C-alpha cells in the first residue's frame, strides 16, 4: 500500500474535496471522545467557503489512491479576537493581554482530522506540520477539548505546550502553543 500524499491546497482545491472532508470530519468528530452531533459536519462544510477567504488561510489534504484520509486547516487569528465558538474559553484561560499578544495575528490550527484507519501512522503529524511550518515567526496555536486525552497527548508529542488549564470540572478547551511560538518560554505550566 502506498503512503498517503499530503498536499497543501488553496480554496478551489479544498472545495473540490468538500464532500470527502465532510465525511472525514464526521468520522473523526461525531465519535467518542468528541461525540459531536452529525449536523456539526454539515456546519463545518458550510464554513469552508468563508474559511478559505480568511487571511492567512492554509489547508492540507492527505490522499492515497484518490481517497481523502485526512486534512488540516489553519488561518491567521483576527483582531479583535473572535467571540464565537470556543474562543471566549481561550481568552478566559489566558486573559485578555496574553490572548492579544500570543494569539491574535498568529496562525491558528482550526481543524485536524484523520480517518480512523489512518490514525497512528504519523499522518496527523504530517498534516499539522504542513499547515504550521511556515507560520510567521513560528507563531501558531490551537484549541482542543480536554475530553480528548489522545489529542492532548498527540500535541504534546509534537512539541506543543499546553498554555491553559481546563475548568475545575475537567470540561472545556485547552490552548496549545506551537513548538516555535516565541511566547512558549513564558508558559511554566498551564495557566
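Residue numbers (UniProt numbering): 1 to 191.
All residues carry an ideal CB built from backbone N, CA and C; glycine is no exception.
All values reported here derive from a predicted model rather than from experimental measurement.
Length of the line joining the Cα atoms of residue i and residue j
i: residue 100; j: residue 81; result: 7 angstroms
i: residue 45; j: residue 112; result: 14 angstroms
i: residue 55; j: residue 76; result: 6 angstroms
i: residue 134; j: residue 122; result: 19 angstroms
i: residue 145; j: residue 159; result: 18 angstroms
i: residue 22; j: residue 149; result: 23 angstroms
i: residue 174; j: residue 67; result: 32 angstroms
i: residue 184; j: residue 161; result: 7 angstroms
i: residue 43; j: residue 181; result: 30 angstroms
i: residue 7; j: residue 52; result: 15 angstroms
i: residue 191; j: residue 126; result: Residue placement at residue 191 cannot be trusted, given a pLDDT of 49 that sits under 50; the coordinates are not used to answer.
i: residue 15; j: residue 50; result: 11 angstroms
i: residue 128; j: residue 19; result: 21 angstroms
i: residue 65; j: residue 13; result: 17 angstroms
i: residue 153; j: residue 32; result: 16 angstroms
i: residue 132; j: residue 57; result: 11 angstroms
i: residue 71; j: residue 10; result: 13 angstroms
i: residue 106; j: residue 137; result: 9 angstroms
i: residue 35; j: residue 155; result: 20 angstroms
Status (buried if at least 16 other CB within 10 Å, exposed otherwise) for residue i
i: residue 90; result: buried
i: residue 110; result: buried
i: residue 2; result: exposed
i: residue 178; result: buried
i: residue 108; result: buried
i: residue 186; result: exposed
i: residue 188; result: exposed
i: residue 139; result: buried
i: residue 157; result: exposed
i: residue 93; result: buried
i: residue 85; result: exposed
i: residue 172; result: buried
Residue i: first and last residue of the uninterrupted beta strand (DSSP E) it sits in
i: residue 60; result: 58 to 64
i: residue 110; result: 107 to 114
i: residue 145; result: 140 to 145
i: residue 187; result: Residue 187 -> no beta strand (DSSP E), and no H or E assigned at all.
i: residue 5; result: 5 to 9
i: residue 177; result: 173 to 177
Supposed contact pair residue j and residue i - C-beta distance, whole angstroms, cut 8 angstroms
i: residue 4; j: residue 103; result: That belief does not hold up - the Cβ atoms of residue 4 and residue 103 are roughly 30 angstroms apart, past 8 angstroms.
i: residue 96; j: residue 73; result: That pair is no contact at about 26 angstroms.
i: residue 26; j: residue 38; result: 6 angstroms
i: residue 114; j: residue 124; result: 5 angstroms
Check: residue i C-beta below 7 angstroms from any heavy atom of the ligand MN
i: residue 153; result: Ligands are entirely absent from the displayed structure, and the ligand MN is therefore not among its contents.
Enclosing alpha helix (DSSP H) for residue i [first to last residue]
i: residue 192; result: No statement about residue 192 is possible, as the shown extent of the chain runs from 1 to 191 and does not include it.
i: residue 24; result: 18 to 29
i: residue 42; result: 39 to 51
Write down every uninterrupted run of the alpha helix (DSSP H) in the segment 74 to 101 whose length is 4 residues or greater and which is fully enclosed by it, in chain order. DSSP runs (the alpha helix (DSSP H)) wholly in the segment 74 to 101: 87 to 94.
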